Amino acid sequence: MDNNLVFLSNLQTGRSSSSVEVRLLRFWEARNVRRGGELMGVDMLLLDPQPAMVVTPLGTKIESDYL
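Take the sequence shown: its letters are residues 298 to 364, numbered as in the numbering used here.
Have a look at this one:
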């Protein structure tokens, strides 16, 4: 299997078969306390070897595909 590794600074929008290897520095969950702690979204702080850093907000509609 051919894995094309890409740095965060080289990412482009759209679909890709490339992979990004990062270190997860921080992970936050946003929960709605008025709805019994329902998960609203997730934020992650990622770092790659270059070093480039990015904060990734994931909504509940897409996070099930990645977590």
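We put the CB at the ideal spot given by N, CA and C, even for glycine. Predicted model only: the values in this text are computed from it and were never measured.
Limits of the beta strand (DSSP E) - the one that residue i falls within
i, result
"Phe324", "320 to 329"
One or two residues paired with residue i in a DSSP bridge
i, result
"Thr353", "Met341"
"Leu302", "Ser316"
"Leu270", "Residue 270 cannot be examined here, being either before or after the span of the chain that is shown, 298 to 364."
Rounded C-alpha distance that separates residue i from residue j
i, j, result
"Pro348", "Arg320", "10 Å"
"Thr353", "Ser306", "14 Å"
"Ala327", "Asn301", "32 Å"
"Met337", "Phe324", "14 Å"
"Ser314", "Asp340", "23 Å"
"Leu344", "Ser316", "14 Å"
"Met298", "Pro346", "Note that Met298 scores 44 on pLDDT, short of 50, meaning its location in the model is unreliable; the coordinates nonetheless yield the value given after this. Between Met298 and Pro346, the C-alpha separation is close to 22 Å."
Rounded Cβ spacing between residue i and residue j (contact assumed at less than 8 Å)
i, j, result
"Leu355", "Leu342", "About 12 Å; that fails the 8 Å criterion."
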